[in-house]
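Participant: Okay, handing you the structure first.
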Amino acid sequence: MTLVHAAGHLMNAQLDPQAGEILRRGVERLGIEVVTGARTTEILGKHTVTGIKLADGRHIPCDVVVVAAGIRANVEVAEASGLEVERGVVVDDQMRCLDEPDIYAVGECVQHRGQTYGLVAPLWDQARVLADHITGRNPQAAYHGSRVATKLKVAGVDVAAMGLKEPEREDDETLVFSERKKGVYKSVIIRDGRLVGATLIGDVRKVAFLMQAFDRGLPLPEERLELMFDLGAPPAEVSAAELADDAQVCNCNGVSKGMITACVADGVKTVTGVVDQTRAGKGCGTCKGLVAQIVEWAAGGAIEEDPAASWYVPGVPIPKPELMRVIRERGLKSVSAVFATLAPGGEEDARSKMGLASLLKMMWDDEYVDERDARFINDRVHANIQRDGTFSVVPQMKGGVTTPAQLRRIADVADKYGVPMVKLTGGQRIDLLGVPKEKLPEIWADLDMPSGYAYGKSFRTVKTCVGSEFCRFGVGDSTALGIAIEERYQGVEGPGKMKLAVTGCPRNCAEAYVKDLGVVAIDGGKWEIYVGGAAGAHVRKGDLLATVDSADEVITLTGRFLQYYRENANWLERTYAFVPRVGIERIRRIVVDDSDGIAADLDAAMARAVAAYRDPWRERAAPVTPGQFRPSLPLIEQPRVPAAGSPQREA
Amino acid sequence: MAGMTTGHRLGPLDDIPVGEGRAYAVGDLKIAVFRLRDGGVRAVSAVCPHAGGPLADGLIDRRLVVCPLHQHTFDLSTGCSTTGQPPLTVYPVRVDADDQLVLEI
């Protein structure tokens, strides 16, 4: 890669030649060739780019040309409208266009006191003045121009620059520190005792301090060296405290120190909380360190770790292992009991219900007190809600293997109910889409097939490829094993969905490497088990858990691993996050080698879950709750039987 | 509270399981009525302003309802959204002496 720059040194608008040279070395360290004083005159090549030609005749070969063209003010509309335009639309200190008191302009299209701005911070300043005018909050507000400071990373090198880059007058004071080997350069320019320019490369720790001095024209320390180095004084904490309230900390989003401290005073004691509310640090992110320092300082050092990170659900402030212990100790068997006993103020929290329901069902099996109102709608009606309030119906098709009779039944049901869309799923079964809620029990009755559990945080499917039953490459009976696994673990709920696959040889046609648990038949009658894979928004190849000799061992280890996952993963944590978090070695030790002696307990717990399985579609016989399948949209007014009391009542 | 409102009987309170919501049509209005675990009842417009989701199917607690489609949340007493959406209309609803739900509009 070659960086071609027209001027004599890089960032010539902000940096002096010495600083530009230091930056150049930093860039070259990345393996990028830098050519300066090079004006490009031609791009060469007929059908594709072959290179560029420079004014001095040099020829640089290349395959791709990326042009950084900068910006020019967009003044077409203004010009056509007869407004005064030079390099930009000319405005006064109140952001009004010249001779047009009813027209305002702000932004990169604007020229103010001869200056145009291409950075965001001055535009915030202009917008503030404009807002004060048009809201009438401060008709005296005036914009005097912005003192431009840049703070950014260029090819991994920290660069900060503000004001003058070089001394202009005889009596301008300058200090320059240059350590070429380390790629560090610092210079300050002082005029009449005020900072009028500063440049930092490689080490930008003093930038907050310098920007404040630059912006506010503060008096400077007698010992000028203190502008560049912390001489014996404590560094970072001091600057967070010293910063004035109106000092701008985040340039991208215009957030001042005062706004951050106000947020903390309001009760937000985590860095992520402050960032969410003020948006400081959500632009380029270079100020995040300083934001964190200010939050810590404003919170008196009592910064909180983001609680959501360790709690199992947001409404109960307890991490999962501790939560399970307390639930067991106190015999809390319903979601409402957990809220009443463990939530702050005993308050229910709608967003915590699903996770708690899943946890309690897993812990108590048949003893779980199933409060239906704690179930998400999908789990109340055993179908997947669609965008229009209808539902999708996916009957079980174990291992992706079906029969003509099943297909005929599905086809008949689709016809009878006028199902708008019949589609094959990634899990190798058939989906009937667009089913109104009130039709669900009838459809289940007509299908007479068990639920495919395509809608819950639970065991989903076992994809298979044909395997040794028919495939000429198959070295294991993947379909039989896949069906056996799905038969055993159907419907087991968990902190996240569990998608499995069994493939008949390492060609992996069933994509077993990217499943929560994937089984691969290998030569010699053996099976490899992989865990923690994913192929959705996140893609991850699973880690090898074990290689075993029989299908029975696969089934046992599958159950044991899934149980370990159910007990230890956080709510909505898929295995692709859980496995690397715990570590495959540790998981292998516990699940395969039984290093913690809990294998028998895990097996027993899973066996209880298996025994507690009930096909939820049998609820078609009688609804569990009143109006369980009553439509929520669209609604038709029911004819009202005239009641004993008339509809006209006094308030 | 006297004056222009009319009481509409929606049906028995027990038509709504505790902690859940059910949807009713009243004239042109589509209304979701929720039965809170503390015995209270709330009524709001049934259609989520975000993308038309069925609010009666949402999870609730004493304060909020969560739309099942995209998890937008609304205060059941004020109708205000806590996730930046336009507010719901809130309707006065009560349970009468015969355990019937009565909506005042």
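Residue numbers (the working numbering), protein chains in the order written: chain V, 1 to 651; chain G, 652 to 756.
From the three backbone atoms N, C-alpha and C, an ideal C-beta is built for every residue, glycine too.
1. Let me make sure I understand the geometry here. Which of N508/V, R380/V, T390/V, V592/V has the alpha-carbon closest to that of P623/V?
2. Taking only the alpha-carbon atoms, compute the straight-line gap between Y513/V and K541/V and give it to the nearest angstrom.
3. Is it buried or exposed for D593/V, if we count other Cβ within 10 angstroms and need 16 for buried?
4. Any beta carbon of chain G sitting closer than 7 Å to that of A247/V?
5. Pairs of beta-carbons, one from the segment 707-724 of chain G and one from the segment 670-689 of chain G, closer than 8 Å: are there three or more?
6. Measure the Cβ-Cβ separation of K165/V and L15/V and say whether it is below 7 Å.
7. Is there contact between the segment 451-466 of chain V and the segment 408-421 of chain V, where contact requires at least three CB pairs shorter than 8 Å?
8. Check each candidate in G315/V, P404/V, F629/V and name the one with the smallest Cα separation from R713/G.
9. Should the segment 81-88 of chain V be regarded as contacting the segment 205-220 of chain V, the criterion being three or more beta carbon pairs within less than 8 Å?
10. Please report the distance separating the alpha-carbon of Y185/V from that of R29/V.
11. Skipping 5 residues on each side, what residues in its chain have a beta carbon closer than 6 Å to that of L500/V?
12. So for K151/V, helix, strand or coil by DSSP?
13. For G389/V, would you say it is in contact with chain G, using Cβ-to-Cβ distances shorter than 7 Å as the test?
14. Consult DSSP for G183/V and reduce its assignment to one of helix, strand or coil.
15. Just to confirm, is the Cβ distance from V413/V to I385/V under 7 Å?
16. Output, in chain order, the set of chain V residues within a Cβ distance shorter than 8 Å of G698/G.
17. Just by C-beta distance, which residues in the segment 369-402 of chain V are closer than 7 Å to chain G?
18. Is V326/V near the ligand FMN, going by C-beta to nearest heavy atom under 6 Å?
19. Count the other CB atoms, across all protein chains shown, that sit within 10 Å of the CB of T2/V; report buried if there are 16 or more and exposed otherwise.
20. Using a Cβ-Cβ cut-off of 7 Å, state whether A131/V counts as contacting chain G.
21. Closer than 8 Å by beta-carbon distance: list the chain G residues that pair up with P139/V, in chain order.
22. In terms of residues, what are the limits of the beta strand (DSSP E) holding D102/V?
23. Can you have a look at Q126/V and say buried or exposed, based on whether 16 or more other CB atoms are within 10 angstroms of its CB?
24. Using a beta-carbon distance below 7 Å, is V316/V in contact with chain G?
25. For the segment 493-507 of chain V, which residues have a beta carbon sitting closer than 7 Å to at least one beta carbon of chain G?
26. Relative to chain G, which residues along the segment 327-357 of chain V have a C-beta separation below 8 Å, given in chain order?
27. Would you mind telling me which residues of chain V sit closer than 9 Å to V744/G, beta carbon to beta carbon, in chain order?
28. Give me, in chain order, the residues of the same chain whose beta-carbon lies closer than 7 Å to that of A236/V; leave out the 5 immediate sequence neighbours on both sides.
29. Helix, strand or coil: how does DSSP classify P616/V here?
30. Give a yes or no on whether the C-beta atoms belonging to V492/V and A609/V are separated by under 7 Å.
31. Of the choices G536/V, I410/V, G107/V, whose alpha-carbon is the least far from that of V89/V?
32. Using the beta-carbon of each residue, which ones in chain V are nearer than 8 Å to I756/G?
33. Can you tell me whether DSSP reads I377/V as helix, strand or coil?
34. What residue from I52/V, N74/V, R72/V, I584/V has the CA that sits closest to V64/V's CA?
35. Between which two residues does the beta strand (DSSP E) harbouring K463/V extend?
36. Using a C-beta cutoff of 7 Å, does P626/V count as contacting chain G?
Facilitator: On the basis of the data shown:
1. Locating residue 623/V in the first sequence gives position 623, counting from the first residue. Out of N508/V, R380/V, T390/V, V592/V, R380/V has the C-alpha closest to the C-alpha of P623/V.
2. Residue mapping note: residue 513/V aligns to position 513 of the first sequence, counting from 1. Residue mapping note: residue 541/V aligns to position 541 of the first sequence, counting from 1. So the alpha carbons of these two residues sit roughly 5 Å apart.
3. Position 593 of the first sequence, counted from the first residue, corresponds to residue 593/V. With fewer than 16 other Cβ atoms within 10 Å, it is exposed.
4. Against the first sequence, residue 247/V aligns to sequence position 247. No, A247/V lies away from the interface with chain G (no Cβ there is under 7 Å from its Cβ).
5. yes
6. Within the first sequence, residue 165/V is the residue found at index 165, counting from 1. Within the first sequence, residue 15/V is the residue found at index 15, counting from 1. For K165/V and L15/V, yes; Cβs fall inside 7 Å.
7. In short, these stretches do not touch, since the Cβ pair count stays below three.
8. As a working note, residue 713/G is residue 62 in the second sequence. The residue with the shortest Cα to Cα distance from R713/G is G315/V.
9. no
10. The residue you call residue 185/V lines up with position 185 of the first sequence. The residue you call residue 29/V lines up with position 29 of the first sequence. So the alpha carbons of these two residues sit roughly 16 Å apart.
11. The residue given as residue 500/V occupies position 500 in the first sequence. Cβ within range, chain order: V462, K515, L517.
12. Residue mapping note: residue 151/V aligns to position 151 of the first sequence, counting from 1. K151/V falls in the strand class under three-state DSSP.
13. Working through the first sequence from its first residue, we reach residue 389/V at position 389. G389/V counts as touching chain G.
14. Reading the first sequence from its first residue, position 183 is the one you call residue 183/V. If DSSP states are grouped into helix, strand and coil, G183/V belongs with coil.
15. Here residue 413/V refers to the residue found at position 413 of the first sequence. Here residue 385/V refers to the residue found at position 385 of the first sequence. The answer is no: Cβ separation not under 7 Å.
16. Translated into positions along the second sequence, residue 698/G becomes position 47. It is worth fixing the name first, because residue 698/G is Val in this sequence and not Gly. In chain order: L633.
17. E371, R372, D373, F376, I377, I385, R387, G389
18. Of the ligands one can find in the structure shown there are none, so the ligand FMN has no counterpart to examine.
19. Taking the first residue of the first sequence as 1, we reach residue 2/V at position 2. Sixteen is the threshold: since fewer than 16 other Cβ atoms of the shown chains lie within 10 Å of the Cβ of T2/V, the residue is exposed.
20. Within the first sequence, the letter at position 131 stands for residue 131/V. Chain G, which has no Cβ nearer than 7 Å to the Cβ of A131/V, makes this no.
21. Counted from its first residue, the first sequence places residue 139/V at position 139. Within chain G, no residue comes near P139/V; the closest Cβ sits about 32 Å away, beyond 8 Å.
22. Walking along the first sequence from the start, residue 102/V turns up at place 102. Start and end: 100-104.
23. Taking the first residue of the first sequence as 1, we reach residue 126/V at position 126. With 16 or more Cβ atoms within 10 Å of its Cβ, Q126/V is classed as buried.
24. Counting from one through the first sequence, the residue named residue 316/V turns up at place 316. So, not an interface residue.
25. Taking 7 Å as the Cβ-Cβ cut-off against chain G, none of the residues of the segment 493-507 of chain V qualify.
26. S336, E347, E348, D349, A350, R351, K353, M354
27. Residue mapping note: residue 744/G aligns to position 93 of the second sequence, counting from 1. The contacting residues do not exist; V744/G stays about 12 Å from chain V at best.
28. Within the first sequence, residue 236/V is the residue found at index 236, counting from 1. For A236/V, the predicted structure reports a pLDDT of 47, less than 50, and the residue's modelled location is therefore unreliable. A value from the coordinates is still provided. Correct list, in chain order: Q293.
29. For the purposes of this step, residue 616/V is taken as the residue at position 616 of the first sequence. Correct three-state label for P616/V: helix.
30. The residue you call residue 492/V lines up with position 492 of the first sequence. The residue you call residue 609/V lines up with position 609 of the first sequence. Going by C-beta atoms, V492/V is nearer than 7 Å to A609/V.
31. Working through the first sequence from its first residue, we reach residue 89/V at position 89. V89/V has its Cα closest to that of G107/V, out of G536/V, I410/V, G107/V.
32. Taking the second sequence and counting its residues from 1, one reaches residue 756/G at position 105. Under the 8 Å cutoff, chain V gives no residues; its nearest Cβ is about 11 Å from I756/G.
33. Position 377 of the first sequence, counted from the first residue, corresponds to residue 377/V. DSSP, reduced to helix, strand and coil, places I377/V within a helical segment of the structure shown.
34. The residue you call residue 64/V lines up with position 64 of the first sequence. Nearest option by C-alpha distance: I52/V.
35. Working through the first sequence from its first residue, we reach residue 463/V at position 463. 459-464 is the extent of the beta strand (DSSP E) around K463/V.
36. Counting from 1 along the first sequence, the entry for residue 626/V is found at position 626. Yes, because at least one Cβ of chain G sits closer than 7 Å to the Cβ of P626/V.
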